[in-house]
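Peer 1: Note that the UniProt record's numbering has the sequence shown beginning at 1, numbered continuously upward. One structure is given below, represented as structure tokens, and several questions about it will come after.
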Amino acid sequence: MQLITTNKDKCNLSYTCIRVCPAKAIKIEDNHAHIIANRCIGCGNCVSICAQEAIVYRNEEDYVKDLLKRDEKVVAICDPSISGEFDDISDYRHFVGMIRELGFNYVVEAAFGADLVAFKYKELFNNFHGKYYLSTKCPVLVNHVERYYPDLVENLAPIVNPIIAMAKVVREKYGQDVKIVSLSPCVASKDDVKYFNKSDGEIQAVLSFIELRKLFKESGITEKKVEFSEFDPPFARIGGLFPVSHGLFQAAEIDNSMLRGNIISTEGRNNFLRSLEEFHSSSNLNQHLDLFYCDGCIMGPGTSKGGRKFSRRSQVVQYVRKRLNTFDEKQWQKEIDTYRHIDLSRNFKVKDMRLPIPTEEEVQAVLDKMGKSKIEDQLGCGSCGYETCRKFAEAKVQGLAKFEQCSSVTIKNMNAYIKKLGETNEKLTQTKIALKESESKAKEEHRLAMEASETVSAMLQKLPTGVVIVDENLKIIESNNSFVNLLGEETKLLNEIIPGLVDADLSKVIPFHRLFSTVLMNGEDILKKDVHFGSRLFNVSVFTIKKNKVVGGIVRDLYAPEVRKEEVIGRAKDVIKENLQTVQQIAFLLGESASKTEKILNSIIKSHTTDK
């Protein structure tokens with residue numbers, strides 16, 4: 001089963017997942033974000049960032065529950081960052097007891113595996129022969145290098161990560177036939193463990209901390225219901241620090257100081273990508289790289305949302321410090337010597353997933369179609385999920401993006417329909433003579449005209465962009481639901497009392513009402529003005545409908561996805577189709593009402609086009 005997947009019914013096409021994916025492993029397909037499995041590196045950014053929880057990683061709870069029901073010995077290997085996740089449990093011995101209550105026969109710490117791995121790194125660095133290495137304790141790093149930096153595969157340190165090292169220790173100590181479950185904050189490790197067989201550190205399943213919490217809740221297990229229980233041996237020294245930056249190398253007392261050491265340790269998505277690129281391209285970065293893709297394992301995508309990095313880091317350090325108070329140095333050294341013979345080596349493979357680099361001609365052709373030929377037009381708004389218009393154009397050439405993601409293209413395509421609307425308005429003036437033929441017919445046409453006006457108003461309400469129209473006293477003439485929803489719960493309550501906020505004082509509704517006052521006074525439109533509204537950023541355009549009398553405003557939330565082409569064009573087509581045959585004969589009786597409707601609609605369309 002694929003590691004990360006999307007629930008297309010929950011996806012709202014916000015494109016935030018595309019924005020945070022470092023591997024270009026997401027594209028829009030069938031109106032939802034689609035994860036490209038062989039490009040995905042398992043970082044879990046898309047899972048963490050998706051507000052709709054439409055993107056999820058593979059769930060292994062049911063498999064583990066079934067495993068625990070079998071007549072087999074099952075071992076749980078706890079990642080050291082577990083102390084940072086479960087800070088709500090007062091004593092780690094209760095926590096161990098809770099894991100045993102689930103049905104695990106043995107509960108061990110991966111920290112001892114980290115101690116063994118640390119010594120392997122020390123040997124590797126002490127036998128330095130001019131070749132610099134990338135630490136391989138982070139599965140995301142391994143995946144990223146194998147796929148997107150294949151010429152650096154030889155620089156991956158040929159050492160297993162601490163979890164696999166501990167699995168090898170467990171099989172030697174507790175038997176080759178035991179089943180092993182890793183309790184981990186790392187989503188990528190769910191796939192990483194598949195590369196190892198029984199004689200080489202096989203692990204049957206990986207449970208994220210979130211999944212482990214669900215099992216506790218489902219089984220009704222709390223710390224108050226279990227007795228103290230200690231971890232099963234072997235016990236670690238300070239390998240428990242490996243989930244935080246520099247921690248692994250402290251376990252082997254590797255000098256990582258700035259002057260004497262030759263290792264750069266860093267963490268976090270941006271530092272990860274930047275340091276790896278410099279390691280690849282720079283000839284003077286002569287140091288080993290110790291990298292975490294996440295902000296340390298303590299902040300992995302398998303941890304609970306909302307966790308605080310430094311609080312978790314503190315919990316991990318305090319736990320290791322507490323364990324050292326009763327640490328038996330001689331016993332630890334004896335066990336290190338016992339398992340030092342275990343083969344902790346690992347090989348890596350090139351899985352090159354780099355896409356062909358588009359030619360300048362190909363990129364420019366896409367930019368031309370987008371109306372972005374000039375460099376100054378290529379900075380981009382980011383709404384499509386890509387940093388710049390050029391990045392979007394490259395993705396389009398590579399088959400990862402569609403024009404529909406670009407708001408500029410959507411607006412450009414709308415212009416043809418706006419032209420048709422203009423032609424329809426011209427025909428309205430030509431129908432006045434026909435309306436004089438019959439009074440009874442005129443009344444009927446007037447009724448139809450009112451329906452047309454209501455349709456226009458209904459279309460206004462359906463626009464995803466906030467629209468408000470005010471008079472010279474800043475009293476609201478009309479506003480749509482999108483405008484009300486942008487302003488929050490208080491405005492929604494007011495709208496329930498006064499539909500459309502009609503006659504409400506705009507200055508009491510929004511803090512940027514002075515923009516409207518300015519346009520009323522001087523008659524000059526204000527376009528594309530960014531204003532802050534609480535924690536959100538709005539893009540506001542104010543334009544004249546009737547000089548010094550009536551102005552309209554368009555308000556867009558810059559953090560929300562742009563209006564899709566199909567939505568707007570579909571509504572425009574429906575209005576034209578339903579009203580074109582009747583409006584040709586009703587303009588005379590529409591009189592000032594029809595003129596005002598036309599003027600408001602034209603002003604909104606014109607301003608919406610200019611604003612984009």
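Ideal placement from N, C-alpha and C gives every residue a C-beta, glycine not left out. Keep in mind the model is a prediction, meaning the values are calculated, not measured.
Nearest-angstrom Cα distance between residue 155 and residue 132?
Peer 2: The count along the sequence shown starts at 1 and reaches residue 155 at position 155. The count along the sequence shown starts at 1 and reaches residue 132 at position 132. C-alpha separation (whole angstroms): 7 Å.
Peer 1: Classify residue 20 as helix, strand or coil using the three-state DSSP reduction.
Peer 2: Taking the first residue of the sequence shown as 1, we reach residue 20 at position 20. Helix at residue 20.
Peer 1: For residue 511, count the other beta carbons within 10 Å of its own beta carbon; 16 or more makes it buried, fewer makes it exposed. Which is it?
Peer 2: Residue 511 sits at position 511 when you count from the first residue of the sequence shown. So residue 511 ends up on the exposed side.
Peer 1: Am I right that residue 516 and residue 470 are in contact with their C-beta atoms under 8 Å? What's the rounded C-beta distance?
Peer 2: Mapped onto the sequence shown, residue 516 falls at position 516. Mapped onto the sequence shown, residue 470 falls at position 470. Right, the Cβ-Cβ distance comes to about 6 Å (below 8 Å), so this counts as a contact.
Peer 1: Secondary structure at residue 202, three-state DSSP: helix, strand or coil?
Peer 2: Position 202 of the sequence shown, counted from the first residue, corresponds to residue 202. Here residue 202 sits in coil by DSSP.
Peer 1: Mapping DSSP to helix, strand and coil, what is residue 365?
Peer 2: Residue mapping note: residue 365 aligns to position 365 of the sequence shown, counting from 1. Looking at residue 365 - three-state DSSP - the assignment turns out to be helix.
Peer 1: When you compare only the Cα positions, how much space is there between residue 401 and residue 12?
Peer 2: The residue given as residue 401 occupies position 401 in the sequence shown. The residue given as residue 12 occupies position 12 in the sequence shown. Straight-line Cα distance between these residues: approximately 16 Å.
Peer 1: Taking residue 338 as the reference, give the member of 113, 96, 414 and 349 with the closest Cα.
Peer 2: Taking the sequence shown and counting its residues from 1, one reaches residue 338 at position 338. Ranking 113, 96, 414 and 349 by Cα distance to residue 338 puts 113 first.
Peer 1: I'd like to check one pair, residue 189 with residue 139: are the Cβ atoms closer than 7 Å?
Peer 2: Taking the first residue of the sequence shown as 1, we reach residue 139 at position 139. Taking the first residue of the sequence shown as 1, we reach residue 189 at position 189. Yes; because the gap between Cβ atoms is below 7 Å, this pair is in contact.
Peer 1: Find out if the Cβ-Cβ distance for the pair residue 344, residue 120 is shorter than 7 Å.
Peer 2: Counting from one through the sequence shown, the residue named residue 344 turns up at place 344. Counting from one through the sequence shown, the residue named residue 120 turns up at place 120. Yes.
Peer 1: Three-state secondary structure (DSSP) at residue 620?
Peer 2: It is not possible to answer for residue 620, since the shown part of the chain is limited to 1 through 612.
Peer 1: May I ask which residues mark the beginning and end of the beta strand (DSSP E) holding residue 389?
Peer 2: For the purposes of this step, residue 389 is taken as the residue at position 389 of the sequence shown. Run containing residue 389: none in the beta strand (DSSP E); it sits in the alpha helix (DSSP H), 389-397.
Peer 1: Among the residues of its own chain, which have a CB less than 6 Å from the CB of residue 63, if the five just before and after it don't count?
Peer 2: On the sequence shown, residue 63 is found 63 positions in, with the first residue counted as 1. For residue 63, where only same-chain residues beyond five positions count, the Cβ hits under 6 Å are 205.
Peer 1: Tell me the DSSP secondary structure of residue 463 in three-state form.
Peer 2: Mapped onto the sequence shown, residue 463 falls at position 463. Coil, per DSSP.
Peer 1: May I ask you to report which of helix, strand or coil DSSP gives residue 302?
Peer 2: Working through the sequence shown from its first residue, we reach residue 302 at position 302. Coil.
Peer 1: Kindly provide the ranges of any beta strand (DSSP E) runs that are 3 or more residues long and lie completely inside the stretch 209-269, ordered along the chain.
Peer 2: Runs found: 263-267.
Peer 1: Distance check for residue 104 and residue 489, CA to CA, integer angstroms please.
Peer 2: As a working note, residue 489 is residue 489 in the sequence shown. As a working note, residue 104 is residue 104 in the sequence shown. Answer to the nearest angstrom: the Cα atoms are 48 Å apart.
Peer 1: If you measure between the beta carbons of residue 96 and residue 107, is that distance less than 7 Å?
Peer 2: Here residue 96 refers to the residue found at position 96 of the sequence shown. Here residue 107 refers to the residue found at position 107 of the sequence shown. Contact: yes.
Peer 1: Can you give, in chain order, each stretch of the alpha helix (DSSP H) that sits fully within the stretch 29-106 and has at least 4 residues?
Peer 2: DSSP runs (the alpha helix (DSSP H)) wholly in the stretch 29-106: 45-49, 61-69, 82-85 and 92-101.
Peer 1: Just the Cα atoms here: how many angstroms apart are residue 458 and residue 89?
Peer 2: Position 458 of the sequence shown, counted from the first residue, corresponds to residue 458. Position 89 of the sequence shown, counted from the first residue, corresponds to residue 89. Taking the straight line from one Cα to the other gives about 55 Å.
Peer 1: Since residue 295 is in the alpha helix (DSSP H), which residue starts that stretch and which ends it?
Peer 2: Within the sequence shown, the letter at position 295 stands for residue 295. Here residue 295 belongs to no alpha helix (DSSP H), and DSSP marks it neither H nor E.
Peer 1: Going by DSSP, what residue range makes up the beta strand (DSSP E) through residue 6?
Peer 2: As a working note, residue 6 is residue 6 in the sequence shown. It spans 4-6 - the beta strand (DSSP E) in which residue 6 sits, taken as one unbroken run.
Peer 1: Beta-carbon within less than 8 Å of residue 58's beta-carbon, same chain only, minus the 5 sequence neighbours each way: which residues are those?
Peer 2: Indexing the sequence shown from 1 puts residue 58 at position 58. If we look at residue 58 and ignore the five residues flanking it on each side, its Cβ neighbours are 1, 2, 3, 4, 5 and 190.
Peer 1: Just the C-alpha distance for residue 559 and residue 503, rounded to the nearest angstrom, thanks.
Peer 2: Taking the first residue of the sequence shown as position 1, residue 559 is located at position 559. Taking the first residue of the sequence shown as position 1, residue 503 is located at position 503. Taking the straight line joining both Cα atoms gives about 29 Å.
Peer 1: Between the alpha carbons of residue 527 and residue 468, how many angstroms are there, rounded?
Peer 2: Residue numbering aside, residue 527 sits at position 527 when the sequence shown is read from its first letter. Residue numbering aside, residue 468 sits at position 468 when the sequence shown is read from its first letter. Each residue's alpha carbon lies about 15 Å from the other.
Peer 1: Below 8 Å on the Cβ atoms is my contact criterion, and I expect residue 183 with residue 209 to pass it. Report the Cβ-Cβ distance as a whole number of Å.
Peer 2: Residue mapping note: residue 183 aligns to position 183 of the sequence shown, counting from 1. Residue mapping note: residue 209 aligns to position 209 of the sequence shown, counting from 1. Right, the Cβ-Cβ distance comes to about 7 Å (below 8 Å), so this counts as a contact.
Peer 1: Taking C-beta to C-beta, are residue 180 and residue 75 nearer than 7 Å?
Peer 2: The sequence position of residue 180 within the sequence shown is 180, counting from 1. The sequence position of residue 75 within the sequence shown is 75, counting from 1. The answer is yes: Cβ separation under 7 Å.
Peer 1: Compare the beta carbon distance of residue 393 and residue 363 with 7 Å and say whether it is the shorter of the two.
Peer 2: For the purposes of this step, residue 393 is identified with residue 393 of the sequence shown, where counting begins at 1. For the purposes of this step, residue 363 is identified with residue 363 of the sequence shown, where counting begins at 1. Taking 7 Å as the Cβ cut-off, residue 393 and residue 363 qualify as a contacting pair.
Peer 1: Write down the C-beta distance between residue 304 and residue 289 rounded to the nearest angstrom, noting that I regard them as a contact closer than 8 Å.
Peer 2: On the sequence shown, position 304 is the one that residue 304 refers to. On the sequence shown, position 289 is the one that residue 289 refers to. Going by Cβ atoms, the distance from residue 304 to residue 289 rounds to 29 Å, so no, they are not a contact pair.
Peer 1: If you follow the beta strand (DSSP E) that residue 478 is in, where does it begin and where does it stop?
Peer 2: On the sequence shown, position 478 is the one that residue 478 refers to. 476-479 is the span of the beta strand (DSSP E), which, as asked, contains residue 478.
Peer 1: Under three-state DSSP, which class holds residue 385?
Peer 2: As a working mapping, residue 385 is identified with position 385 in the sequence shown. Reduced to three states, the DSSP call for residue 385 is coil.
Peer 1: Which of helix, strand or coil does DSSP assign to residue 159?
Peer 2: Counting from 1 along the sequence shown, the entry for residue 159 is found at position 159. Residue state, collapsed to three classes: strand.
Peer 1: Name the two residues that bound the continuous alpha helix (DSSP H) containing residue 518.
Peer 2: On the sequence shown, position 518 is the one that residue 518 refers to. Per DSSP, residue 518 belongs to the alpha helix (DSSP H) from 514-522.
Peer 1: Any idea if residue 480 is buried or exposed, counting beta-carbon neighbours within 10 angstroms, 16 or more meaning buried?
Peer 2: Position 480 of the sequence shown, counting from 1, holds the residue named residue 480. Buried is the call here.
Peer 1: What is the DSSP secondary structure of residue 334, reduced to helix, strand or coil?
Peer 2: Against the sequence shown, residue 334 aligns to sequence position 334. Helix, per DSSP.
Peer 1: If we ignore side chains and look at the alpha-carbon of each, how far apart do residue 348 and residue 43 end up?
Peer 2: Indexing the sequence shown from 1 puts residue 348 at position 348. Indexing the sequence shown from 1 puts residue 43 at position 43. Roughly 18 Å separates the two Cα atoms.
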